[in-house]
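Those sequence lines, one after another, are chains A and R. Here our numbering is used: the first residue of the first sequence is 411, the next is one more, and so on. Here our numbering is used: the first residue of the second sequence is 255, the next is one more, and so on.
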Amino acid sequence: MYVIPAVFFVLMFVYFPIGMNFYNSLFKMNSYSDVKTFVGLKHYVNIFQDPIFYTAIKNNVLYAVFSLIFQVGFGMILAILLEGRYVGKKIGSFFRNVLFVPSIISIPAVALLWYFIYNPQMGLLNGLLENIGLGAMKTAWLANPNTAIYSVIMMSQWQYTGYIMILLVVSIQKIPRELYESAEIDGASEFQKAIHITIPSIKSMLVVTSIITIIGAFKLFSEVYIMTGGGPYNTTQVLGTYMYRAAFKFDEMGYGSAVAVVIFIITFAISILQLRSFTDD
Amino acid sequence: MFWLLMLVIIYPLFWMVMNSLKTSTELFVNSFALPETPLFSNYVDAWNMGFANFFFNSALVTVVSVFAIVMLSAFCSYALARLEIRFKKIFLYLIIGGLLLSPQSALIALYRLFDMLNIYNTYFAMIIPYIAFGIPFAVFLMYGYFKEFPEDLEDAARIDGCSTFKIFMKIVLPISKPIVAATAIVSSISTWNEFIFALVFIEDENLITIPVGLSRFKDALTTNWTGMMAGIVIASLPMIIAFLFMSKSFIRGLTAGSVKG
């Protein structure tokens with residue numbers, strides 16, 4: 411009796427729609443009519459022949475790679491430095507909180523802010539470049555096909571590096587002090603301590619944060635939707651916007667469902683990895 | 255190096271607040287300059303142009319969803335952790351397994367389902383999926399906590415003749431404040447900031463929440479930058495203020511999910 415309501419919600423509105431999605435992906439259908447035509451795997455064949463699908467996958471992967479480098483890589487370096495002896499306790503906690511703040515602002519708000527920052531005329535970035543004498547680098551960041559996807563990616567690094575860093579800080583704080591003390595007796599440098607003690611001790615958290623960022627990269631939607639809408643010339647499409655475009659712009663609900671299945675398979679497979687890294691240790 | 259990084263984080267936020275207090279002309283002349291006189295009329299404009307409404311909708315949807323998530327998950331995790339129930343393991347795996355499923359892959363089917371149930375374009379079209387997708391994480395957090403909760407107190411109450419429900423409400427829940435707070439905070443952040451469901455399941459201007467409102471603003475008011483900056487500040491402020499007051503609970507909630515147990 412205590413369990414039923416929760417189970418009902420999850421079954422009915424999480425599992426059931428995802429199951430339905432598999433079924434729907436085999437049909438051609440629209441939002442305004444009830445007619446469904448069975449087309450088998452035709453949508454999947456079409457998806458795998460669409461060059462935009464490959465652009466989308468490529469962008470998701472690119473996003474994942476950058477997020478790993480910045481959020482996990484750079485975030486780890488920051489976490490180690492913050493927890494090291496270079497930074498005082500008070501100031502360290504100030505740094506941590508400031509770095510964390512962008513991650514609690516909603517993605518649409520941050521995306522809109524960066525939409526302004528990247529604006530070619532009045533934007534912060536071009537203004538800054540001009541002031542430091544790099545005016546030649548000025549461009550319409552989000553309208554230029556060569557820079558658009560990187561501009562979107564960098565916004566997320568700004569937003570989430572602090573969050574991943576906090577996760578790593580928490581895990582560093584759990585390392586027993588004695589490990590460091592005995593290393594200090596042996597005369598280990600800060601760098602050696604980081605390499606030989608800190609990083610091995612937080613290995614499982616590094617795996618978890620890597621997986622979180624990779625899953626995040628494949629769930630990408632709002633950032634792209636707000637900043638570029640997938641343009642210019644579809645160069646910033648990702649799986650999420652590609653699905654949205656099919657289902658709600660072109661009203662190809664079946665095709666959209668098939669894209670959703672692809673997203674499901676990718677994110678589910680990575681999540682299973684995460685689960686295994688939990689249960690391994 | 256840290257100070258430079260601080261600048262990279264803080265300056266864009268500062269730039270936004272600064273420009274939200276300017277006239278459009280001031281912004282176009284020099285977006286780096288401080289406003290001549292700080293102007294709050296942009297906030298008033300944004301508020302009157304729909305933000306009052308967005309704010310109300312976001313608050314309503316968040317409060318209802320978070321309350322439901324916390325209550326349903328607390329009952330459920332307590333029962334799974336303590337009571338003798340058939341198929342306990344299956345229920346637990348079923349719910350926690352929901353964590354592996356991404357909302358995006360349910361989007362289109364949910365859209366059709368809500369259309370069929372006639373709740374498309376109502377508050378329920380947001381509240382219901384927020385609850386459903388919020389429960390797995392909440393149960394994940396709370397189950398671990400209740401599992402380690404000392405049983406002595408409950409035993410004492412049981413001897414005094416309290417029912418399970420009473421024990422839960424009067425003893426377990428009050429003592430579990432930290433985990434309830436952490437769960438509530440995590441659910442609030444994700445509900446308050448949710449975008450894709452709110453975008454797809456709501457059509458009516460009067461029902462949209464802040465994140466969707468912001469994205470519609472962008473298309474409707476491409477010239478009123480200062481007003482939009484004010485809008486972004488309004489959208490972000492509640493969570494930032496909450497964070498300043500409860501940074502410990504925030505960090506506990508947001509880190510617990512990735513730490514095992």
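For each residue, glycine too, the CB sits at the ideal point set by N, CA and C.
Bounding residues of the alpha helix (DSSP H) (the contiguous stretch that carries residue i)
{"i": "A/Y635", "result": "632-637"}
{"i": "R/M255", "result": "Taken as a continuous stretch (DSSP letters only), R/M255 belongs to no alpha helix (DSSP H), as it is neither H nor E."}
{"i": "R/R412", "result": "406-413"}
{"i": "A/E540", "result": "534-541"}
{"i": "R/K431", "result": "431-447"}
{"i": "R/Y397", "result": "378-401"}
{"i": "R/F368", "result": "361-370"}
{"i": "A/S614", "result": "613-628"}
{"i": "A/V648", "result": "Unbroken run through A/V648: none, as it is neither H nor E."}
Option in the options with minimal Cα separation from residue i
{"i": "R/P266", "options": "A/V511, A/I609, A/P610", "result": "A/V511"}
{"i": "A/N470", "options": "A/V579, A/T608, A/G666, A/V562", "result": "A/V562"}
{"i": "R/L346", "options": "R/A392, R/A363, R/K502", "result": "R/A392"}
{"i": "A/Y643", "options": "A/T557, A/V617, A/I607, A/R686", "result": "A/T557"}
{"i": "R/D458", "options": "R/G351, R/F504, R/N375, R/R470", "result": "R/N375"}
{"i": "R/I264", "options": "A/E588, A/L534, A/P530, A/Y560", "result": "A/L534"}
{"i": "A/M575", "options": "A/V417, A/V449, A/S620", "result": "A/S620"}
{"i": "A/L683", "options": "A/S599, A/N529, A/T623, A/V417", "result": "A/T623"}
{"i": "A/Q583", "options": "A/I609, A/T645, A/I559, A/A598", "result": "A/I609"}
{"i": "R/A435", "options": "R/K343, R/S278, R/G415, R/V320", "result": "R/V320"}
{"i": "R/C330", "options": "A/W568, A/E633, A/V520, A/Y412", "result": "A/Y412"}
{"i": "A/V617", "options": "A/S599, A/I673, A/R686", "result": "A/R686"}
{"i": "A/L451", "options": "A/L538, A/V497, A/G666", "result": "A/G666"}
{"i": "A/G498", "options": "R/K342, R/F256, R/P292, R/V262", "result": "R/F256"}
{"i": "R/A328", "options": "A/G494, A/S443, A/I559, A/V417", "result": "A/V417"}
{"i": "A/R495", "options": "A/I636, A/G537, A/E591", "result": "A/E591"}
{"i": "R/V318", "options": "R/E280, R/S278, R/F378", "result": "R/F378"}
Same chain only: Cβ atoms within 7 Å of residue i, ignoring 5 sequence neighbours per side
{"i": "A/S441", "result": "D661, M663"}
{"i": "A/E540", "result": "K548"}
{"i": "A/M615", "result": "L577, L578, S581"}
{"i": "R/F422", "result": "Y332"}
{"i": "R/M272", "result": "L288, P289"}
8 Å Cβ cut-off: residues of chain R touching residue i
{"i": "A/Y412", "result": "F329, C330, Y332, A333, L337"}
{"i": "A/K452", "result": "Neighbours of A/K452 on chain R: none; closest Cβ ~17 Å, over 8 Å."}
Contact under 9 Å by Cβ, residue i with residue j
{"i": "A/I612", "j": "A/S581", "result": "yes"}
{"i": "R/S524", "j": "A/A604", "result": "Only positions 255 to 515 of chain R appear in the structure, and residue 524 of chain R is not among them; the question remains open."}
{"i": "A/A593", "j": "A/H453", "result": "no"}
{"i": "R/L407", "j": "R/I429", "result": "yes"}
{"i": "R/V440", "j": "R/F400", "result": "no"}
{"i": "R/I382", "j": "A/F658", "result": "no"}
{"i": "R/S285", "j": "R/T463", "result": "no"}
{"i": "A/G572", "j": "A/R506", "result": "yes"}
{"i": "R/L288", "j": "A/T677", "result": "no"}
{"i": "A/Y692", "j": "A/G626", "result": "Any property of residue 692 of chain A remains undetermined from this structure, which presents chain A solely from 411 to 691."}
{"i": "A/P427", "j": "R/A489", "result": "no"}
{"i": "A/A546", "j": "R/P465", "result": "no"}
{"i": "R/I450", "j": "R/P357", "result": "yes"}
{"i": "A/I515", "j": "R/N447", "result": "yes"}
{"i": "R/A322", "j": "A/V420", "result": "no"}
{"i": "R/A215", "j": "R/F403", "result": "Nothing can be reported for residue 215 of chain R, as the shown portion of chain R is limited to 255 through 515."}
{"i": "R/V454", "j": "A/Y433", "result": "no"}
Residues near residue i in its chain [Cβ-Cβ closer than 8 Å; skip 5 each side]
{"i": "R/I486", "result": "M270, S274, L468"}
{"i": "R/V324", "result": "A392, V434, T437, A438, S441"}
{"i": "A/I680", "result": "I621, I624, I625, F628"}
{"i": "R/I373", "result": "A379, I382"}
{"i": "A/V449", "result": "L436, F437, K438, G664"}
Neighbour list for residue i in chain A, Cβ cutoff strictly below 8 Å
{"i": "R/A516", "result": "Residue 516 of chain R lies beyond the range of chain R shown here (255 to 515); nothing can be said about it."}
{"i": "R/A386", "result": "F419, V420, M422, F423, V424"}
{"i": "R/L261", "result": "Going along chain A, no residue has its Cβ under 8 Å from R/L261, so there is no contact; the nearest lies around 10 Å."}
{"i": "R/L314", "result": "The contacting residues do not exist; R/L314 stays about 17 Å from chain A at best."}
{"i": "R/I505", "result": "F510, I576, V580"}
Partner residues on chain R for residue i, Cβ-Cβ distance less than 7 Å
{"i": "A/A670", "result": "Q358, S359, L361, I362"}
{"i": "A/P415", "result": "L326"}
{"i": "A/M663", "result": "I362"}
Contacting residues, own chain, Cβ-Cβ under 6 Å from residue i (five flanking each side not counted)
{"i": "A/Q647", "result": "I462, T465, A466, G640"}
{"i": "A/N456", "result": "none"}
{"i": "A/G650", "result": "L630, F631"}
{"i": "R/I349", "result": "P390, V393"}
{"i": "R/V513", "result": "Below a pLDDT of 50, predicted positions are generally treated as unreliable, and R/V513, at 42, falls in that range; no measurement from the model is reported."}
Proximal chain A residues relative to residue i, where beta-carbon distance stays under 9 Å
{"i": "R/P292", "result": "The contacting residues do not exist; R/P292 stays about 19 Å from chain A at best."}
Residue i: contacting residues in chain A (beta-carbon distance under 7 Å)
{"i": "R/A489", "result": "S516, A519"}
{"i": "R/V454", "result": "F658"}
{"i": "R/P390", "result": "V420"}
Residues that residue i contacts on chain R, provided the C-beta gap is smaller than 9 Å
{"i": "A/T677", "result": "L354, L355, S356, Q358, S359"}
{"i": "A/F437", "result": "The premise fails here: A/F437 is roughly 11 Å from chain R at the closest Cβ pair, so nothing lies under 9 Å."}
- Query: Looking at chain B, which residues of the region 265-278 of chain R have a Cβ within less than 7 Å of any of its Cβ atoms?
  - Reply: In summary, chain B is missing from the structure at hand, where the protein chains are A and R.
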